[in-house]
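Protein chains: 2
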Amino acid sequence: MELLSVYAGEVTASPLRKDAARNRQRIIEIGRKLVADGTPIQLNEVARAVGVGVATVYRHFPTPQALIEAVAVDGLEALIQAAERAVEQDDPWTAFRDFLVRIVDAQLSDAALSPVLSAPTTALPGTAHLLDQLSSLFTQLFERAEAAGRLAPGITLADMTPLICGIAFSARMHPAVDPQEQAAVGRHYLDVVLNGLRAR
Amino acid sequence: MELLSVYAGEVTASPLRKDAARNRQRIIEIGRKLVADGTPIQLNEVARAVGVGVATVYRHFPTPQALIEAVAVDGLEALIQAAERAVEQDDPWTAFRDFLVRIVDAQLSDAALSPVLSAPTTALPGTAHLLDQLSSLFTQLFERAEAAGRLAPGITLADMTPLICGIAFSARMHPAVDPQEQAAVGRHYLDVVLNGLRAR
DNA sequence: GCACTAAACGGATGAACCATCCGCTTCATT
DNA sequence: AATGAAGCGGATGGTTCATCCGTTTAGTGC
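Chains as they are written, first to last, in numbering that gives the first Met the number 0: chain A, 0 to 199; chain B, 0 to 199.
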């Protein structure tokens, strides 16, 4: 019989050996650095940087995408917490808007989030579970705003993810010098879209 | 002394030999097909498909990006014509809006346009000239709309390209089956943004 | 038509990148 | 301390990339 165990936010068939867990963490750390620098992730290169054999990296993360997912976990968990706080909010529109501000900002400050939030959930074995949680919380926020009559007619839940990711895309396109300025640009574009989404 | 000559929309140091011009066209044709299918462009593979040596392809297009640019030329020229017609329009807002509809639609129906419109002009030796033309026409459309007081305060010309490309990005993210449906989604997102851009 | 030059061609080739496989090492358990 | 399972490393074969150079062909002058 195999024991089930939870680590790194995932349920798996058996716990990692101590050295393996350590290596995994190191790999994620380097991955985080590369993602932050915008360097394209090459698994062989990651292995060299960690000081570990290639196979070790490939065993933990068969593709660069998988490593990016692992790097994104922290950010996703923070977003889930933010969404949980938002559903506590009394005013539906404020809750909805504040969470959108948060998610746009998060995408701009954490480069690992965009690829995860933009990809079809089916392609994300490592984070599907977190994305489902986030999606379910966001659905509540959306439906409350809708029920309160704050959204323009014709806007559906399915429109929201594309629009949010589009805003982040726009902000990243806009040549901004420092991160702070980029956040401001993202906020500006979000305001435009929110303005367009709102019922009048 | 070298003669200057114009072909394929570019001014160069000397005209292409007939066989070279023919090959160039064939390469672009295959490139167009690949781009349309969403297949990532591999220059060696293009050579094989055209039935020509690799060197021939690399001579004409040193990078996949360069080939994409060449493929995008037709679409860019069509957009320039559309912009020229738009500046003839009497109503500033109609002209502005109709052109935006056009440019979003073009990006969704011609996959070569997005990378060219989204990239920094500096990285586009082959189409910079067309993009400048387009940009200058669009500036007129924007400034007329602005002068007519149709734009919300705080919206600048520099915001427009990112916003437009963001809309196309959003529409491409939205899982749409047929191209017609995708165009409708793009139009929908554009309406949201236009709604947010408009002065009230 | 022929000779000649410069332009263009082709594809062999070495460099770079990728990911697997398997013999060896380390951890955990008794 | 013995043992089996889990993990490790890196050599290696496969693939993709892009250059270089010997050969071919188009254009030009006669």
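Each residue gets a CB set at the ideal place from its N, CA and C atoms; glycine is no exception.
In this text, all values refer to a predicted model and were calculated from it rather than measured experimentally.
Does the segment 132-152 of chain B touch the segment 88-95 of chain B, meaning 3 or more C-beta pairs lie closer than 8 angstroms?
Yes: at least three Cβ pairs fall under 8 angstroms.
By DSSP, does residue 42/A sit in helix, in strand, or in coil?
Note: residue 42/A maps to helix in three-state DSSP.
What do you get for residue 43/A, buried or exposed, if any count of 16 or more other CB atoms within 10 angstroms of its CB means buried?
Exposed.
Using the beta-carbon count (16 or more within 10 Å), is residue 205/B buried or exposed?
Outside the displayed span of chain B (0 to 199) sits residue 205/B, for which this structure offers no information.
Using DSSP with H/G/I as helix, E/B as strand and the rest coil, what is residue 15/B?
Residue state, collapsed to three classes: coil.
Which of the residues in the segment 144-172 of chain B, read from start to end, lie with their CB under 9 angstroms from any CB of chain A?
The residues in question are 151, 153, 154, 157, 158, 160, 161, 162, 163, 164, 165, 166, 167, 168, 169, 170, 171, 172.
Taking residue 192/B as the query, report the chain A residues whose CB atoms sit under 7 angstroms from its CB, ordered along the chain.
The contacting residues are 191, 192, 195.
Restricting to Cα atoms, I'd like to know which of 140/A, 126/A, 28/A is closest to residue 48/A.
That would be 28/A, whose Cα lies nearest to the Cα of residue 48/A.
Short of 7 angstroms in beta carbon distance, which residues of its chain neighbour residue 81/B, apart from the five on each side in sequence? Order them along the chain.
98, 101, listed in sequence order.
Taking the C-alpha atoms as reference points, what is the distance between residue 162/A and residue 188/B?
Each residue's alpha carbon lies about 8 angstroms from the other.
For the alpha helix (DSSP H) containing residue 176/A, name the first residue and the last one.
Looking at the DSSP string, residue 176/A is not in any alpha helix (DSSP H), and its letter there is neither H nor E.
Output needed in chain order: residues of the segment 108-138 of chain B with a Cβ under 9 angstroms from some Cβ in chain A.
Cβ contacts with chain A come from 117, 119.
Looking at the unbroken alpha helix (DSSP H) that takes in residue 74/A, where does it start and where does it end?
Here the alpha helix (DSSP H) through residue 74/A covers 63-87.
Where does residue 106/B land, buried or exposed, given buried means 16+ other C-beta within 10 angstroms?
It is buried - the Cβ of residue 106/B has at least 16 other Cβ atoms within 10 Å.
Should residue 37/B go down as buried or exposed, given a rule of 16 or more other Cβ atoms within 10 Å for buried?
Answer is exposed; the Cβ neighbour count stays below 16.
If contact is defined by three or more beta carbon pairs under 8 angstroms, each pair taking one atom from either stretch, is the segment 126-134 of chain B in contact with the segment 125-144 of chain A?
Judged by Cβ distances under 8 angstroms, the segment 125-144 of chain A makes no contact with the segment 126-134 of chain B, as fewer than three pairs qualify.
How is residue 25/B classed by DSSP in three states: helix, strand or coil?
Looking at residue 25/B - three-state DSSP - the assignment turns out to be helix.
Is residue 197/B helix, strand or coil by DSSP?
In this structure, residue 197/B counts as strand in the three-state DSSP scheme.
Do residue 68/B and residue 126/B have their C-beta atoms closer together than 8 angstroms?
In contact: residue 68/B and residue 126/B (Cβ atoms closer than 8 angstroms).
Taking the Cβ atom as the reference point for each residue, do residue 165/B and residue 169/A lie within a distance shorter than 8 angstroms?
Yes, Cβ-Cβ distance for residue 165/B and residue 169/A is below 8 angstroms.
Determine the closest residue to residue 172/B out of 172/A, 190/A, 115/A, with distance taken between C-alpha atoms.
The candidate whose alpha carbon is nearest that of residue 172/B is 115/A.
Which class does residue 123/B belong to by DSSP, given the choice of helix, strand or coil?
In the structure shown, residue 123/B sits in coil (DSSP, three-state: anything other than H, G, I, E or B).
Would residue 195/B and residue 45/A qualify as a contact pair, given that the criterion is a beta-carbon distance under 8 angstroms?
No. Outside cutoff.
Quick one: is residue 52/A buried, meaning 16 or more other Cβ sit within 10 Å of its Cβ, or exposed?
Exposed is the call here.
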